[in-house]
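Structure record follows, encoded as structure tokens.
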Amino acid sequence: YVLQGAKWHKTDLTWSMVNQSMPDAYKARMLVTRALSVWEYHSKLTFREVYSDQADIQILFARRQHGDGYQFDGPGQVLAHAFYPSEGRGGDAHFDADETWNFDSGTHNRRGTNFLNVALHELGHSLGLGHSSDPKAVMFAWYQDIDVEGKLPDDDRNGIQELYGSREKTWGPYRPQTTPTTTTTTTMRTMVYRADNPPYRPWYDPSKNPNKERNWARERQEEERRRKEQEWRRQEQEREEREREEQEREKKEREEQEREEEEREEKERKKQERQKQEREEKVRQERRRQEQDREEQDNRRRERERDRQYEKEQRERHERQERLNRERKNRERYGVRAPVTPPSTTTMRPTRKPYYTIVHQQNHHHKKQRKLKPDTCMTSYDAISMIRSELFIFRGPYLWRIGKSGLYPGYPTEIRRQWSALPVNLTQVDAVYENQQGHIVFFIGRQYYVFNSVNLEPGYPKPLVSMGLPPTLTHIDAAFVWGHNNHTFLTSDTLYWRIDDNTGEVEPSYPRDMSLWSGVGYKIDAAFQYKDGKTYFFKNLGYWEFDDDRMKVAHARPKLSAPKWMQCARGSNEVDDELR
Amino acid sequence: ATKPKASISEDIVYNYLMQFDYLPKSDLETGALRTEEQLKDAIRSLQSFGNIPVTGQIDSATARLIQKPRCGVGDHKSANSFSADNLYHDIGPHVRVRR
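In the order they appear, the protein sequences are chains A and B.
My numbering numbers the first residue of the first sequence as 395 and each following residue consecutively.
My numbering numbers the first residue of the second sequence as 55 and each following residue consecutively.
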């Protein structure tokens, strides 16, 4: 057996079935209960079914791409997968809904894939067991259509007991065989418990009933008779249940069709509304832009007029001064009394204050924003990118710009001073990169903006969906061109996508799981390719350099971003990992 | 002439080996080319794990094994496969326990 490394740090686990409304949900739930009871019986674990998305183990039937980066492949080949214990999706077991599942385990129906066997295997992963190379083990990677009958092969039993210990209560004939004896071996052979019966038999205790061993033959016959009777009853019940479920299924299918129809209509309506909103938004933006242009033109015209006025007044003043001088000279020369001239008025040159000063005076929010200005040497980064061979770092509504001579003075400054077509109420950008056409692409929430230099390209912003990204995606974490193959990658939470640079859309077979970028982790803040060709990933105050050849981070511990990227001085007690 | 003809393309085998951790998953992105010896080693490892004769060749038993339905979780524990979160940086590499 192989222990994956992770285990649950509690023994009372909860589970929940996600697809409560699927046709065979009831049977699937029963079989999951039975599979769990097998693991439960051989360890200290206990399981409780709950109806909650917070359960430790979520059982899901899904097809193809289902949001975890490990897509299913239709009927055959991959049947299911599960995640090892941890928070979030850890412990969850996913089954390929395209398989032909046989939920009638225990009967003679051999059509389809035995769901009980597969569930038993996947739940082994959910508890921390990896694949075993023992072909008799439940945890063998390849599907085997064998009757498990609730017994756990030694290999799996040893594995689960190493993780969670064995059940202390060892009454009954099926206690773990840690020190096998003749008696227990005999008991094991004759009293095989079936998976379709409850795994515990508290009523049976050989130590309290010594006559049991002596009357064994009679008891076995009796047991056989009882078993057959139970089997017959159970088959009858199952037949009735099947009929009932068939009716329910038909009813549900009808309801499902109606619901789908309604959903389709609703979707269509929403789509139309969205398109209408987009059109309106475009019109609004166009109008805003026109207004801004008009305003700028007005400002320029006013400034020109002010300049002309100022020059005219200066000229007049100069002429007046010259006339006065001439009169004064004449007076001195000829003793003529000079006419009284009105005192000259001085015109001040109109001030041209920089934009930020005007904003500072006019915008009440500006002071508030100034307070939120991030600390250059103690901040995480929302986005980072090389743009026109200079490094741009984004945080909140601000950016820093780092050129050949280092950090430009006067930064951080507002992002909208550079790209004014970004939303007025911009609080942060999610990701930025320069594409192969030299355009600058900003990702903000569910939309992306493409700029040619500082001018927004026509038709933008567009929704992320237009790139082929899922409509449920709320944001992009990072966007970068990977130096290894010059492909563009987008990441969000646990997934990443590759963009086809010709079409600008997501390539097929994506998303994939972020774990492929080994050591980087999930939910990163930013990533980019630096001028040294290397790719760097950022999270919180640290960063990792990525080793493309080994396809993993060059250093397991993140390094502090500020000293490298912002040229901040190191603290007196801070040293590099290598030096440490 | 006596070698059994594999009924499965090398591409499928290559993808299978990457998908189930016999070759680095990163090859999916990097498109790294592996030497013949590396491929043979990976096939041997698969054959050993699948409990079929270890030949290092894509023989009929290997082709059958590859086409068999199976679990989607990789066969060798690695940080890449199905770890729900990358929580292990601070505690160092995983300790692999095998009986």
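All residues carry an ideal CB built from backbone N, CA and C; glycine is no exception.
Any idea which residues DSSP pairs G485(A) with across the strands?
The partner list for G485(A) (beta bridge, DSSP) is empty, contrary to what the question assumes.
Looking at chain A, is there any beta carbon in it that lies within less than 8 angstroms of the beta carbon of N69(B)?
no
Given that R124(B) touches chain A, what residues does it touch there, using C-beta distances under 8 angstroms?
Q471, V472, L473, A535, W536 and Y537
Between which two residues does the beta strand (DSSP E) harbouring F455(A) extend?
I451 to A456
How is E493(A) classed by DSSP in three states: helix, strand or coil?
Note: E493(A) maps to coil in three-state DSSP.
Step through the CB atoms of chain B and report whether any lies within less than 8 angstroms of the CB of H460(A).
no
Contact criterion: CB-CB distance below 8 angstroms. Does K94(B) meet it with respect to chain A?
no
Quick check on the DSSP output: the alpha helix (DSSP H) that includes H519(A) runs from which residue to which?
F509 to L521
Between L863(A) and chain B, is any beta-carbon pair separated by less than 8 angstroms?
no
Please state the DSSP three-state secondary structure of F466(A).
coil
So Q156(B) is in the alpha helix (DSSP H); what residue range does that whole segment cover?
The structure shown does not extend to residue 156(B), since chain B is modelled only from 55 through 153, so no value can be given for it.
Check whether the stretch 859-866 of chain A and the stretch 809-819 of chain A touch, using three or more Cβ-Cβ pairs below 8 angstroms as the test.
no
At a Cβ threshold of 8 angstroms, is S446(A) touching chain B?
no
Should R998(A) go down as buried or exposed, given a rule of 16 or more other Cβ atoms within 10 Å for buried?
The first residue shown for chain A is 395 and the last is 974, placing residue 998(A) beyond what the model contains.
How is the beta strand (DSSP E) around A921(A) delimited, first residue to last?
In this chain, the beta strand (DSSP E) harbouring A921(A) covers A920 to Q923.
State buried or exposed for I540(A), treating a residue as buried only when at least 16 other CB atoms are found within 10 Å of its CB.
It counts as exposed.
Who does V947(A) pair with in a DSSP beta bridge?
F940(A)
Would a check of beta-carbon distances place D129(B) closer than 8 angstroms to chain A?
It does; some Cβ of chain A falls within 8 angstroms.
Under a Cβ-count criterion, where at least 16 other Cβ atoms within 10 Å of its own Cβ denotes burial, should P744(A) be classed as buried or exposed?
Because the pLDDT at P744(A) is just 39, under 50, the model does not fix this residue reliably, and the value given afterwards should be weighed accordingly. It counts as exposed.
In terms of DSSP beta bridges, what is A777(A) paired with?
F788(A)
Express the C-alpha separation of D887(A) and E784(A) in angstroms, rounding to a whole number.
Distance between the alpha carbons of E784(A) and D887(A) is about 28 angstroms.
Is the number of C-beta pairs between the stretch 416-433 of chain A and the stretch 868-878 of chain A that are closer than 8 angstroms three or more?
no
If we ignore side chains and look at the alpha-carbon of each, how far apart do G913(A) and C125(B) end up?
In this structure, the CA atom of G913(A) is about 25 angstroms from the CA atom of C125(B).
Could you list the residues in the stretch 518-530 of chain A with a C-beta less than 7 angstroms from some C-beta on chain B, going in chain order?
H519, G524, H525, S527 and P529
Could you work out which residue in N934(A), V900(A), K917(A) and F940(A) is closest to Y924(A) when comparing CA atoms only?
F940(A)
Check the Cβ-Cβ distances between E83(B) and every residue of chain A, and say whether any is below 8 angstroms.
yes
What's the C-alpha gap between M411(A) and R906(A)?
25 angstroms
Buried or exposed: which applies to P78(B), given that a residue is buried once 16 or more other Cβ atoms fall within 10 Å of its Cβ?
buried
Can you list, in chain order, the residues of its chain whose CB lies under 6 angstroms from that of V875(A), leaving out five sequence neighbours each side?
These residues qualify, in order along the chain: T882 and Q923.
I need the straight-line Cα distance from V108(B) to N69(B), nearest angstrom please.
Each residue's Cα considered, the two are about 20 angstroms apart.
Closer than 7 angstroms by beta-carbon distance: list the chain A residues that pair up with G110(B), in chain order.
Result: empty, since nearest Cβ-Cβ is about 17 angstroms, beyond 7 angstroms.
Whole angstroms is fine: what's the gap from G927(A)'s alpha carbon to P952(A)'s?
19 angstroms
Is A921(A) close to chain B? Criterion is C-beta to C-beta, closer than 8 angstroms.
Not one chain B Cβ lies under 8 angstroms of A921(A).
Tell me which residue opens and which closes the beta strand (DSSP E) that L407(A) is part of.
D406 to M411
So which of R620(A), V396(A), E493(A) and E639(A) has the shortest CA-CA distance to S527(A)?
V396(A)
Assign S799(A) to buried or exposed, taking buried as 16 or more other Cβ atoms, counted over all protein chains shown, within 10 Å of its Cβ.
exposed
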